[in-house]
Amino acid sequence: MFKHTYTLLAISYGVLFATTCAAAPANCPKQETDIDYYGNDIKTIKGIPIDNCCDACSTTNGCVGYTFVEKNSDGQTACYLKSGVGGRRPTTGAVSGELKCPTQPYGQCGTSQTGALCCPHGQYCQPWNPTFYQCIAVPEEKKCPTVVTGIDFYGSDLEVKYGLQPGECCDACYNSTTCHVYTFINYREGSTACYLKSAITEQRANTAAISGYKNKLAIVS
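With mature numbering (1 follows the signal peptide of the UniProt record, and there is no 0) applied, the sequence shown covers -23 to -1, 1 to 198.
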């Protein structure tokens, strides 16, 4: 049986944690201790136990995982629901889990009405048109490890490239010395735009968009 643990006598945010062991939630069998799924926050729920964090993810559109902190800076538990789990960071005292997703690889994962639903590990939900979102493979982790669906990183444009596929948009950002993030928009079938960006100035909801982060190790300062 999978288990999660809180860190033995570890100090995080000035708080002392003791070790406890518990069975992982049935809907979130994969747990990682001392790991934060950094970024991709959908919302934060405070004051709930870890098992309820998994339940909240399973009933939230677009949630594929979460990071749970036993004691946040305000002394409460904090459950961070995530639209992606690519950005793993070591964080003492955090427990992160992935939702067990019923969607099959490369299966339909939503519409513009439902929003993006979950995808299997290693895939994200790509909106091809308003009635068909599909789980497809995330770009190479060394290039663009985190992709979010339904978000446009509005502004800070460096260049626009037309006619690319989502993975090619990641490649274009990765190969640019000034690109840090990008937004790919599928306006209609056969008409795509890849916006290379220097920074995240603003985040806007856009059902036709996906946005990605360039691997920080590849950013030239």
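Every residue gets a Cβ at the ideal spot worked out from N, C-alpha and C, and that includes glycine.
- A Cβ-Cβ contact shorter than 8 Å links residue 129 with residue 181.
- Close CB contacts of residue 192 within its chain, under the 8 Å cut and outside five residues either way in sequence, are with 118, 119, 120, 121, 122 and 151 (chain order).
- By DSSP's assignment, residue 81 forms no beta bridge with any residue.
- Excluding the 5 residues flanking it on each side, residue 189 has same chain C-beta neighbours closer than 6 Å at 121, 124, 147 and 159, in chain order.
- Contact between the segment 57 to 68 and the segment 11 to 31 is present: three or more C-beta pairs spanning the two stretches fall below 8 Å.
- Where residue 104 is concerned, the enclosing beta strand (DSSP E) starts and stops at 100 to 106.
- In this chain, the beta strand (DSSP E) harbouring residue 55 covers 55 to 59.
- In the three-state reduction of the DSSP assignment, residue 177 falls in the coil class.
- Annotation for residue 51: no beta strand (DSSP E) segment contains it, and DSSP assigns it neither H nor E.
- Judged by DSSP secondary structure, residue 112 falls within the beta strand (DSSP E) whose first and last residues are 109 to 114.
- DSSP, reduced to helix, strand and coil, places residue 128 within a strand of the structure shown.
- Minimum Cα-Cα distance from residue 161 among the listed residues 149, 4 and 153 corresponds to 149.
- With respect to the 8 Å criterion, residue 39 and residue 93 are classified as neighbours on the basis of their beta carbons.
- The segment 77 to 91 makes no contact with the segment 162 to 177: fewer than 3 CB pairs, one atom from each, lie closer than 8 Å.
- For residue 75, DSSP records a beta bridge to 7 and 42.
- About 21 Å separates the CB atoms of residue 24 and residue 76; that is not less than 8 Å, and the two are not in contact.
- Secondary structure at residue 47: coil, using DSSP grouped into helix, strand and coil.
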